[in-house]
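Only one structure is covered here, and it is reproduced in the block below.
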Amino acid sequence: MHTTTHTWIDTDEGLARLGRDLAGEKGVAVDTESDGFHHYFDKLCLLQFSTREANFLVDPLAVSNLDPLRPMFADPAIRKVMHAAEQDIMYLRREHHLEVKGLFDTATAAQLTGRTRLGLAALLEAYFDIHLSKSNQRDDWSLRPLNPAQLVYAVSDTNNLLELADLLEREVRENGRQEWAEEEYRALEQKQINLHSTAADEITRVKGWKDLPPRGRAVLRELLRGRDGESRKRDRPPFRIAPASLLLDLAAKPPAGIRELQARRGFPRQRSPSLATQLMDAVARGLELPESEFPQPPVRTSRHGQRQRRDAPFEERVNKLRAWRKTRAEQLGLEPGVVISQRDLEAVAENPPGSPGEETTRQSLRQWRWREFSAEWRQLLTNSS
6 MHTTTHTWID TDEGLARLGR DLAGEKGVAV DTESDGFHHY FDKLCLLQFS
56 TREANFLVDP LAVSNLDPLR PMFADPAIRK VMHAAEQDIM YLRREHHLEV
106 KGLFDTATAA QLTGRTRLGL AALLEAYFDI HLSKSNQRDD WSLRPLNPAQ
156 LVYAVSDTNN LLELADLLER EVRENGRQEW AEEEYRALEQ KQINLHSTAA
206 DEITRVKGWK DLPPRGRAVL RELLRGRDGE SRKRDRPPFR IAPASLLLDL
256 AAKPPAGIRE LQARRGFPRQ RSPSLATQLM DAVARGLELP ESEFPQPPVR
306 TSRHGQRQRR DAPFEERVNK LRAWRKTRAE QLGLEPGVVI SQRDLEAVAE
356 NPPGSPGEET TRQSLRQWRW REFSAEWRQL LTNSS
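Heads up: the sequence shown at position 218 corresponds to 223 in the numbering used here, and the numbers run straight through without jumps.
Next comes the structure, spelled out in structure tokens:
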């Protein structure tokens, strides 16, 4: 259904009616829009639904709650078609305590067909020759009223999803990977994600942090904490307060004063002097921190959370599994990471099939991977010390 004609719903009565109607559908395409590109305290700002016959846009900022949609979301017999659903599910769960059952994720399905361009725009172009505009992707969706271009953009995210799912499902079945897909969908339904990591954790997400000396890492952590506090106060995303590249530079070469700090590349010119003061205070805290309180390098853990043994036999098994993965991925026409992720690969290397810890590994993996590949792993690693 390629039309962008839609029904706008911003009343409790309209939402109740929609909830009843969607509960009678066999499949519903779902998407959401949020304001995380513009606010620290991000929120769900729009829900898009498409059936085979109609499109609906729901304003969650205008209605009392989303409870009328609960039966539809909770019914596994109603297929919810979503694209790269992780964040959508997180918003629905975090703000409205809605759980999604009966998920079909088009990005996951495309991955299992061997496609490498997994964005919705790329898939719609490949299957329908539809060219999806991304011009409104980073809009502030909390603002009202939405303009006509935003409404078209929003509807375009769902109005072809059901048809796309039909085609992808057929390809997945033809490849004998339906069970793989179903297990991946169920895992996505249950996955927990947190968009706001703690500052202590965030240090490892700054590209280049490993190149800093211990004192520099301490300064970086204080800068991240200072930026996070400013972000909360201003309700702005951290990257809009100060780019991570600036914080890394300040940690590597601490400025002697505010003027030197303000002259650094990446310092936001439009910010008030208070930001420079706050960053200088953070630098000072990091420079004065006792060594006993320095950030500790993350301990490398296995898939099941235990400290990983990285001895020579382990590394040998990892190398054998990497070579196996490369060959197997080529045979299956899949990306290597789809066959097995690096973290899961290392879990297999730590407790291979046939070892005393086999059950730990089996429980930590998707079961389709264990069914498909454990015999191959056992044979491959039997003679590894």
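Ideal placement from N, C-alpha and C gives every residue a C-beta, glycine not left out.
Out of the options, state which residue places its alpha-carbon closest to the alpha-carbon of residue i.
i: K139; options: F133, L156, Y132; result: L156
i: G41; options: W146, L23, G24; result: W146
i: R376; options: E184, D233, R75, T9; result: E184
i: L103; options: G124, R120, H88, P76; result: P76
i: H88; options: A67, L117, L52, D36; result: D36
i: S55; options: N70, D47, M95, A28; result: A28
i: K196; options: R99, D134, I208; result: R99
i: V323; options: P358, L294, L350, Q301; result: L350
i: L166; options: T118, E188, N152, A112; result: A112
i: A170; options: A59, S379, D144, T118; result: T118
i: E296; options: D26, P218, M95; result: P218
i: W373; options: A223, V86, A192; result: A192
i: R149; options: E364, P273, L51; result: L51
i: R57; options: V33, L294, A257; result: V33
i: R383; options: R371, L49, L370, V353; result: V353
If you follow the beta strand (DSSP E) that residue i is in, where does it begin and where does it stop?
i: Q53; result: 49–55
Between residue i and residue j, how many whole angstroms is the CB-CB distance? I'm expecting something under 8 Å.
i: I198; j: E91; result: 6 Å
i: L253; j: G213; result: 5 Å
i: A127; j: L173; result: That pair is no contact at about 13 Å.
i: Y96; j: S39; result: 6 Å
Give the secondary structure of residue i by DSSP, where H, G and I count as helix, E and B as strand, and everything else as coil.
i: F61; result: strand
i: L108; result: strand
i: R383; result: helix
i: E187; result: helix
i: G342; result: helix
i: K31; result: coil
i: S140; result: coil
i: T37; result: strand
i: A205; result: Below a pLDDT of 50, predicted positions are generally treated as unreliable, and A205, at 48, falls in that range; the measurement from the model is reported next regardless. Note: A205 maps to helix in three-state DSSP.
i: R315; result: coil
i: T9; result: coil
i: V68; result: coil
Within the continuous alpha helix (DSSP H) that includes residue i, where are the two ends?
i: T282; result: 278–293
i: V157; result: 153–161
i: K1; result: With the chain covering only 6 through 390, there is no way to say anything about residue 1.
i: R75; result: 75–79
Would a check of beta-carbon distances place residue i closer than 7 Å to chain D?
i: R376; result: No chain D is present in this structure, which holds just one protein chain.
Q: Take every Cβ of the segment 60–67, pair it with every Cβ of the segment 262–279, and state whether three or more of those distances are shorter than 8 Å.
A: no
(Q) Measuring CB atoms only, is the segment 280–297 touching the segment 221–229, in the sense that at least three cross pairs come out at less than 8 Å? (A) yes
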